[in-house]
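Take a look at the structure below.
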Amino acid sequence: MDQRAMQRNIETYVLQQLQQGHRIDSVVEVANQLDLPVTMVDRAMRNLTSQGYPDLPYTEATEY
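Residue numbers for the sequence shown follow our numbering, so the first one is 18 and each next one is one higher.
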């Protein structure tokens, strides 16, 4: 799977979690759930924020 497809999958996962009423507290939490690098999840959160989804915690991300 290429990186763009992976980003879309992460964004879809995050949106599904929000629609189900789950609160996303940290990028690290989502990265651990999906077993993905924090930087990939951070990028997906930034993309979603720029698309109009406020209050996503990408600023709390720590790059490893």
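All residues carry an ideal CB built from backbone N, CA and C; glycine is no exception.
Keep in mind it's a predicted model, so treat the numbers as computed, not measured.
- With respect to L53, M62 sits apart: the two C-beta atoms are not nearer than 8 Å.
- Taking every protein chain shown into account, the CB of A48 has 16 or more other CB atoms within 10 angstroms, so this residue is buried.
- Distance between L32 and Y70, taken at the CA atoms: about 9 Å.
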